[in-house]
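Novice: Those protein sequences? They're chains D, E and C, same order as listed.
Note that the numbering used here has the first sequence beginning at 1, numbered continuously upward.
Note that the numbering used here has the second sequence beginning at 1001, numbered continuously upward.
Note that the numbering used here has the third sequence beginning at 2001, numbered continuously upward.
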Amino acid sequence: MKENIKNKNVGTLSFYSKQEILWALFFLAPYLVGLIIFWLGPVIASFLISFTKWELVGKPIWLGLGNYRQLFNDELFIKSLINTAYYTIVSVPLGITLSLLLAVAMNQKLKGIVFYRTAFFMPHISSMVAIALLWGWIYNSQYGLLNYLIGLLGLPPQNWLGNPKLAMPALIIMSVWKGLGYNMMIWLAALQGIPEDLYEAARIDGANKWQQFRNITVPLLSPTTFLLLILGIIGSFQVFEQSYVMTKGGPAHATLTLVLYMYSSAFEWLKMGYASAMAYILALIILVITLIQFKYQNKWVHY
Amino acid sequence: MAHKNTLKFLKTSLAYLFITLGALTMVIPFLWMISTALKEPGQIFSMPPVLIPKPIVRTNFVRAWSSLPFGLFSMNSFKVSILGTVGTLVSCSWAAYAFARLRFPFKNVLFTLILATMMIPGQITMIPVFVIMKYLGWYDTHFPLWVPHFFGSAFGTFLLRQFFMALPAELDDAAKIDGCNPLQIYYKIFLPLSKPALATLGVLTFLSSWNSLLGPVIYLKTIEKFTLMIGLAFFQGQYYTDYSLLMSGSLISLIPIVLLYIVAQKYFVQGIALTGIKG
Amino acid sequence: MKKPRRNRFFFVLFLFGTMMFFYGCGGQKQAMTQDEIVEVRFGYPGGVGDYETIKNKIIPLFEQEHPNIKIKLEYQPWNQFWTKLKTQIAAGDAPDFWVSDGVYFMEYADRGALKDLTEWVKRDFDQKDFFALDFASSPDGRIWGIPREIQTIALYYNKDSFDDVGLSYPDETWDWNSLLDNAKKLTRDTNGDKKIDQYGFWSTNWISGGWFNFIYQNKGRILDKTRTKSMLDRSEAIEAVQFMVDMVLKHKVSPTDEVSSSVGGNHAIFQAKVVAMYPYNYAMSSAFNQSKDLNYDSVVLPKGKVRAASYNAIPIVINSKATDQKAEAAWEFIRFFAQNETVQRTWAEGGFGIPILKKVVYSKSFVDAPTKPSNKSAFIEPLEEGYGLPMDINKCWNEWRVALTENLSLAWLGQTSAEKAMLKAHKDVQKILDNAFAK
Chain D
1 MKENIKNKNV
11 GTLSFYSKQE
21 ILWALFFLAP
31 YLVGLIIFWL
41 GPVIASFLIS
51 FTKWELVGKP
61 IWLGLGNYRQ
71 LFNDELFIKS
81 LINTAYYTIV
91 SVPLGITLSL
101 LLAVAMNQKL
111 KGIVFYRTAF
121 FMPHISSMVA
131 IALLWGWIYN
141 SQYGLLNYLI
151 GLLGLPPQNW
161 LGNPKLAMPA
171 LIIMSVWKGL
181 GYNMMIWLAA
191 LQGIPEDLYE
201 AARIDGANKW
211 QQFRNITVPL
221 LSPTTFLLLI
231 LGIIGSFQVF
241 EQSYVMTKGG
251 PAHATLTLVL
261 YMYSSAFEWL
271 KMGYASAMAY
281 ILALIILVIT
291 LIQFKYQNKW
301 VHY
Chain E
1001 MAHKNTLKFL
1011 KTSLAYLFIT
1021 LGALTMVIPF
1031 LWMISTALKE
1041 PGQIFSMPPV
1051 LIPKPIVRTN
1061 FVRAWSSLPF
1071 GLFSMNSFKV
1081 SILGTVGTLV
1091 SCSWAAYAFA
1101 RLRFPFKNVL
1111 FTLILATMMI
1121 PGQITMIPVF
1131 VIMKYLGWYD
1141 THFPLWVPHF
1151 FGSAFGTFLL
1161 RQFFMALPAE
1171 LDDAAKIDGC
1181 NPLQIYYKIF
1191 LPLSKPALAT
1201 LGVLTFLSSW
1211 NSLLGPVIYL
1221 KTIEKFTLMI
1231 GLAFFQGQYY
1241 TDYSLLMSGS
1251 LISLIPIVLL
1261 YIVAQKYFVQ
1271 GIALTGIKG
Chain C
2001 MKKPRRNRFF
2011 FVLFLFGTMM
2021 FFYGCGGQKQ
2031 AMTQDEIVEV
2041 RFGYPGGVGD
2051 YETIKNKIIP
2061 LFEQEHPNIK
2071 IKLEYQPWNQ
2081 FWTKLKTQIA
2091 AGDAPDFWVS
2101 DGVYFMEYAD
2111 RGALKDLTEW
2121 VKRDFDQKDF
2131 FALDFASSPD
2141 GRIWGIPREI
2151 QTIALYYNKD
2161 SFDDVGLSYP
2171 DETWDWNSLL
2181 DNAKKLTRDT
2191 NGDKKIDQYG
2201 FWSTNWISGG
2211 WFNFIYQNKG
2221 RILDKTRTKS
2231 MLDRSEAIEA
2241 VQFMVDMVLK
2251 HKVSPTDEVS
2261 SSVGGNHAIF
2271 QAKVVAMYPY
2281 NYAMSSAFNQ
2291 SKDLNYDSVV
2301 LPKGKVRAAS
2311 YNAIPIVINS
2321 KATDQKAEAA
2331 WEFIRFFAQN
2341 ETVQRTWAEG
2351 GFGIPILKKV
2361 VYSKSFVDAP
2371 TKPSNKSAFI
2381 EPLEEGYGLP
2391 MDINKCWNEW
2401 RVALTENLSL
2411 AWLGQTSAEK
2421 AMLKAHKDVQ
2431 KILDNAFAK
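#1: Could you tell me if residue 300 of chain D is buried or exposed, where buried requires 16 or more neighbouring beta carbons within 10 angstroms of its beta carbon?
#2: Per DSSP, what kind of secondary structure is residue 2089 of chain C in: helix, strand or coil?
#3: So, using beta-carbon positions, are residue 2088 of chain C and residue 1233 of chain E closer together than 8 angstroms?
#4: For chain D, find out if any of its Cβ atoms is closer than 8 angstroms to the Cβ of residue 1216 of chain E; answer yes or no.
#5: Exposed or buried, which one is residue 2293 of chain C when buried takes at least 16 other CB atoms within 10 Å?
#6: If you measure from the beta carbon of residue 2398 of chain C to each beta carbon in chain D, is any gap under 8 angstroms?
#7: Pick out whichever of C:2273, C:2185 and C:2156 has its Cα sitting closest to the Cα of residue 2165 of chain C.
#8: So with CB distances below 7 angstroms, who are the chain C contacts of residue 1067 of chain E?
#9: For residue 2061 of chain C and residue 2072 of chain C, I'd like the C-alpha separation in whole angstroms.
#10: Would you mind telling me which residues of chain C sit closer than 9 angstroms to residue 55 of chain D, beta carbon to beta carbon, in chain order?
#11: Does the Cβ-Cβ distance between residue 2259 of chain C and residue 243 of chain D come in under 8 angstroms?
#12: Quick one: is residue 301 of chain D near chain C, going by C-beta distance under 8 angstroms?
#13: By the criterion of Cβ-Cβ separation under 7 angstroms, what are the contact partners of residue 2074 of chain C in chain E?
#14: Please confirm whether residue 170 of chain D has its beta-carbon closer than 8 angstroms to some beta-carbon of chain E.
#15: Shortest alpha-carbon distance to residue 100 of chain D belongs to which of D:224, D:236, D:239 and D:231?
#16: Taking the continuous beta strand (DSSP E) assigned at residue 2277 of chain C, which residues delimit it?
#17: On the premise that residue 231 of chain D lies in contact with residue 1155 of chain E, defined as a C-beta separation below 8 angstroms, what is that separation, rounded to the nearest angstrom?
#18: Below 9 angstroms between beta carbons is the criterion; list the residues of the stretch 2410 to 2431 of chain C that meet it against any residue of chain E, in chain order.
#19: Would the stretch 158 to 168 of chain D and the stretch 254 to 268 of chain D be scored as touching if the rule is three or more Cβ pairs under 8 angstroms?
#20: Is residue 2086 of chain C close to chain D, meaning its C-beta is less than 8 angstroms from at least one C-beta of that chain?
#21: Can you tell me which residues form a DSSP beta bridge with residue 2039 of chain C?
#22: Answer yes if the stretch 1139 to 1159 of chain E comes into contact with the stretch 65 to 73 of chain D, meaning at least three C-beta pairs across the two stretches below 8 angstroms, and no otherwise.
#23: Measuring straight from C-alpha to C-alpha, what distance separates residue 209 of chain D and residue 221 of chain D?
#24: Which same chain residues end up closer than 6 angstroms to residue 1082 of chain E when comparing Cβ atoms and leaving out the 5 residues on each side of it in sequence?
#25: Check the DSSP bridge columns for residue 2230 of chain C and list the partner residues they point to.
#26: Would residue 1216 of chain E be called buried (16 or more neighbouring beta carbons within 10 Å of its own) or exposed?
#27: How is the beta strand (DSSP E) around residue 1121 of chain E delimited, first residue to last?
#28: Helix, strand or coil: how does DSSP classify residue 2160 of chain C here?
#29: Helix, strand or coil for residue 2290 of chain C? Go by DSSP, reduced to three states.
#30: Please name the residue or residues paired with residue 1161 of chain E in a DSSP beta bridge.
#31: Name the residue from D:235, D:121 and D:174 whose alpha carbon lies nearest to the alpha carbon of residue 247 of chain D.
#32: What are the start and end residues of the beta strand (DSSP E) that includes residue 2313 of chain C?
#33: Does the Cβ-Cβ distance between residue 80 of chain D and residue 280 of chain D come in under 8 angstroms?
#34: Quick one: using the 10 Å Cβ neighbour count with 16 as the cut-off for buried, is residue 2076 of chain C buried or exposed?
#35: Have a look at D:98, D:72, D:233 and D:24 and flag the residue whose alpha-carbon is nearest the alpha-carbon of residue 1116 of chain E.
#36: When you compare only the Cα positions, how much space is there between residue 95 of chain D and residue 2158 of chain C?
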């Protein structure tokens, strides 16, 4: 974000001309108004609620830091945090890399490419219920497709969704599969911004496809890589639907993610204050990670 | 000579093979949905699962569609999704342009704030937002579902900002020399060159609006105002889910999205020649 | 050339947006000022099946008899209703009365969200004409709702599976030993591929048709009578859970949890003839009847040391914040639903559950109805004989039930013994109870 600054006197209001500020206000007006009306109030309210005990019916009772203190001793909360971190660390890089390769492949002018691109997008648009149903069958230990396939390779059948050690990897695979089309779309759009003549020049210089990819595509895609990385982390830390629909946090809390625990606390066990505290701890974690990313982006993101 | 050609042929065929296999794995849930929708309800759960139904029945689609006012639900979904998409495109492109090209104080702080809005799980702010919507008199109307889109979304702003920032600054400079103000630069240069990004954002926003369930459920009371997703949720009953209805209904609800995606493809995949600046 | 048009476009858009904003702000609801008519909001979690019945048959019938009351039906999908209800309550906007799941009503009653109906029930109902009038009551005897219908657990069995091995069908003499013996004989490879294709009994980790019944049949308890103390560490309870787990892991007469849950709803395994005996409630027969060639019937659950069967009802409850006038109007509807014979018959014939008006239960609308299962009296017996038990419902039912289920899942996976699982569950559940009932 430092690209527009040529001068070190940034930060003082007088550095900006009135015209610049007015233009900025003009373009940012809808966003700012929306933030104030729809976001600021609710965030302040729910933040305050995190310091109370509120069972949705009746008045909130002030607890001070009570909820936060309780959370640090809550083994389920810690478990959900670990599960969520595990999920993020594996699924985000995997998803971004695979979808990039996919996008490059889909960027060709092959015959029928429209069909292929649509096919890869299908899992993203299908509802979680249908996907959960299908993967429930794929992962079924007795009748499932996956055990059938690994059986052909001579491996013993696994209890994918029933084994606490395998349940999260199983969910991760399903999530990555579902999200490929979405990331692929964004990569495709970004690939359009890379001028053809750069590749031409490289080809003339004798670079092969792999070298072109590494030296032209990847660096020029870095803004998008950054985008998907940040969005991926923010999104994965809030993973909810997959475990809510497929495993409900089981078996033995192996797939209990933070937002699932938070949602259950709020809407199933009526512990609204406790859940709000969880939300803000989560937000803080994500914020810190994101800020670190922004600090280091200059090292690898080129605009 | 011939050797090189066969090698090329083999490479292309192999490439086709891989992406076809890949595409097939993607399409399986869709095939399964079609299979379930065409089955007699009692046959859905034979063990092991059967892909091709015997006999093939077409009545599930009609049953699903006529069980509740689905035509009305679809119109509502279209209205909400289209308005939401337009709103997002306008407000996010404005904000993204500001962050990408304009200079103003507290830019970093504001951008971080925008990102921060994505970091708080929506379920937690749901109740206070509901109170606000009630206060605005929007309870049991469609307004809470699309009006907020006209006020920007963090995702859309971030996405477009990245794309805008990747456009070369020389374009701006050339336009400034011609005497354009920021608004003119925005719609003369940025918008036309961002068609892929805008198309992508448009499709993704439409999709998320079309598929959203919790928001419409919370804000709507009168059944005539319900959206398509709420209609489909009715198929998941108290003790069991009627999959023949749910799958056939879901298939019908996928059609507009698939069509939108196919049509939008024209925009996301167009090479732009960025050499030589068009005046 | 394009510039003015574009500018205008954005300006109009901005204006439009502002207009919408202000339109929305203005009050639009015209107050109903006709003096006699009372409008009440009825929150209703439903599916596709009951919409027609409630909207076009029952409500018009009621409004005909009570022309001064208008019912505003707020129909929502079953699964999403609860979140929406909680949001509405938190925002002070809950309906005047609503249909509650029987296991959730204490969450609201114990926190003061429901109206105490005890006096009205005493005044307007004759206990002997109804089943389960006191289902929705707290341990101190106060009644919070009147059931719309009742669900009890009985044992479904696949007649063909029994015929295939020449066994006689289950009957009321069955106990745990007969259950196990028969289950063993029914668990077999039906198509010669050396794999078990059919199991005898569905012994799974859940409350309604699972460990609740076995524990109470063994003279154990889950919670004490005040529903504030866990009794999971007693040997009777542990034995019962051990019996269930043994059926899966030791005797292998039951499919594992994961096999049955991952193919689209566990009822599928009964419909697909993967399990011969399946304990569940009456409403499930509507799903079974979609498989036209499923030859099945029902019988009372086998007895342990005593008979016990869980039962749940769906009470209609009234918002404690409803005005007196609206509360009375709501009560009229609740009364009407329960006492009007036509309504009870219509509801019974919809197959949703057991109606509460005894007269209708023992008629062609329910017990003598020509639909499957033929032996519907299996579902009524727990109510008649008094061994039907609500599932220890209290203000934190959902939380302790989940804690118990998660702990037991390790036993069902064979990763710990039933005893260890129950002892840990006992600690967790007690912690939750202590938290919830702390003053």
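Idealized CB from N, CA, C, for every residue including glycine.
Specialist: Well, looking at it:
#1: Numbered from 1 along the first sequence, position 300 holds the residue referred to as residue 300 of chain D. With fewer than 16 neighbouring CB atoms inside 10 Å of its own CB, residue 300 of chain D falls in the exposed class.
#2: As a first step, residue 2089 of chain C is located in the third sequence; it is residue number 89 there, counting from the start. Residue 2089 of chain C: helix per DSSP, three-state reduction.
#3: Locating residue 2088 of chain C in the third sequence gives position 88, counting from the first residue. Locating residue 1233 of chain E in the second sequence gives position 233, counting from the first residue. Remark: C-beta atoms of residue 2088 of chain C and residue 1233 of chain E do not approach each other more closely than 8 angstroms.
#4: Against the second sequence, residue 1216 of chain E aligns to sequence position 216. Chain D has no Cβ within less than 8 angstroms of the Cβ of residue 1216 of chain E.
#5: Mapped onto the third sequence, residue 2293 of chain C falls at position 293. So residue 2293 of chain C counts as exposed.
#6: In the third sequence, counting from the first residue as 1, residue 2398 of chain C sits at position 398. Closer than 8 angstroms: yes.
#7: Start at 1 with the first residue of the third sequence, and residue 2165 of chain C comes out as number 165. Ranking C:2273, C:2185 and C:2156 by CA distance to the CA of residue 2165 of chain C puts C:2185 first.
#8: Residue 1067 of chain E sits at position 67 when you count from the first residue of the second sequence. Residues of chain C passing the Cβ test: 2048.
#9: The residue given as residue 2061 of chain C occupies position 61 in the third sequence. The residue given as residue 2072 of chain C occupies position 72 in the third sequence. The alpha-carbon of residue 2061 of chain C is positioned some 14 angstroms away from that of residue 2072 of chain C.
#10: Taking the first residue of the first sequence as 1, we reach residue 55 of chain D at position 55. What residue 55 of chain D touches in chain C: 2107, 2111 and 2395.
#11: One-based indexing of the third sequence puts residue 2259 of chain C at position 259. One-based indexing of the first sequence puts residue 243 of chain D at position 243. No, they are not a contact pair.
#12: Here residue 301 of chain D refers to the residue found at position 301 of the first sequence. No, residue 301 of chain D lies away from the interface with chain C (no Cβ there is under 8 angstroms from its Cβ).
#13: For the purposes of this step, residue 2074 of chain C is identified with residue 74 of the third sequence, where counting begins at 1. Within chain E, the residues whose beta carbon sits less than 7 angstroms from that of residue 2074 of chain C are 1221, listed in sequence order.
#14: Stepping through the first sequence from its first residue, residue 170 of chain D is reached at position 170. No, residue 170 of chain D does not count as interfacial toward chain E.
#15: Residue numbering aside, residue 100 of chain D sits at position 100 when the first sequence is read from its first letter. Of the candidates D:224, D:236, D:239 and D:231, the one whose C-alpha sits nearest the C-alpha of residue 100 of chain D is D:224.
#16: By one-based count along the third sequence, residue 2277 of chain C stands at place 277. Where residue 2277 of chain C is concerned, the enclosing beta strand (DSSP E) stretches over 2275 to 2281.
#17: What you label residue 1155 of chain E is simply residue 155 of the second sequence in a count that begins at 1. What you label residue 231 of chain D is simply residue 231 of the first sequence in a count that begins at 1. That pair is a contact at about 7 angstroms.
#18: From the stretch 2410 to 2431 of chain C, no residue has a Cβ closer than 9 angstroms to chain E.
#19: Short answer: they touch.
#20: Numbered from 1 along the third sequence, position 86 holds the residue referred to as residue 2086 of chain C. Chain D, which has a Cβ nearer than 8 angstroms to the Cβ of residue 2086 of chain C, makes this yes.
#21: As a first step, residue 2039 of chain C must be located in the third sequence, where it is residue number 39. Residue 2039 of chain C is bridged to C:2070.
#22: Flag = no, the stretch 65 to 73 of chain D and the stretch 1139 to 1159 of chain E do not touch.
#23: Along the first sequence, read from residue 1 onward, the residue named residue 209 of chain D stands at position 209. Along the first sequence, read from residue 1 onward, the residue named residue 221 of chain D stands at position 221. Going from the Cα of residue 209 of chain D to the Cα of residue 221 of chain D covers about 16 angstroms.
#24: Locating residue 1082 of chain E in the second sequence gives position 82, counting from the first residue. Counting only Cβ-Cβ distances below 6 angstroms, and skipping sequence neighbours, we find nothing.
#25: Taking the third sequence and counting its residues from 1, the one referred to as residue 2230 of chain C is at position 230. Listed as beta-bridge partners of residue 2230 of chain C by DSSP are C:2223.
#26: Along the second sequence, one-based indexing puts residue 1216 of chain E at 216. Answer is buried; the Cβ neighbour count reaches 16.
#27: Counting from 1 along the second sequence, the entry for residue 1121 of chain E is found at position 121. For residue 1121 of chain E, no beta strand (DSSP E) run applies, since DSSP gives it neither H nor E.
#28: The residue given as residue 2160 of chain C occupies position 160 in the third sequence. Residue 2160 of chain C falls in the helix class under three-state DSSP.
#29: Residue 2290 of chain C sits at position 290 when you count from the first residue of the third sequence. Reduced to three states, the DSSP call for residue 2290 of chain C is coil.
#30: To locate residue 1161 of chain E, count along the second sequence from 1; it is residue 161. Its beta-bridge partners do not exist; DSSP assigns none.
#31: What you label residue 247 of chain D is simply residue 247 of the first sequence in a count that begins at 1. For the residues D:235, D:121 and D:174, the minimum Cα distance to residue 247 of chain D belongs to D:174.
#32: Working through the third sequence from its first residue, we reach residue 2313 of chain C at position 313. That run of the beta strand (DSSP E) goes 2309 to 2318.
#33: Locating residue 80 of chain D in the first sequence gives position 80, counting from the first residue. Locating residue 280 of chain D in the first sequence gives position 280, counting from the first residue. Taking 8 angstroms as the Cβ cut-off, residue 80 of chain D and residue 280 of chain D do not qualify as a contacting pair.
#34: Position 76 of the third sequence, counted from the first residue, corresponds to residue 2076 of chain C. In summary, residue 2076 of chain C is buried, with 16 or more beta-carbon neighbours lying within 10 Å of its beta-carbon over all protein chains present.
#35: Here residue 1116 of chain E refers to the residue found at position 116 when the second sequence is read from its first residue. Selected option, being the one with the closest Cα: D:233.
#36: Here the question's residue 95 of chain D lines up with position 95 in the first sequence. Here the question's residue 2158 of chain C lines up with position 158 in the third sequence. Straight-line Cα distance between these residues: approximately 46 angstroms.
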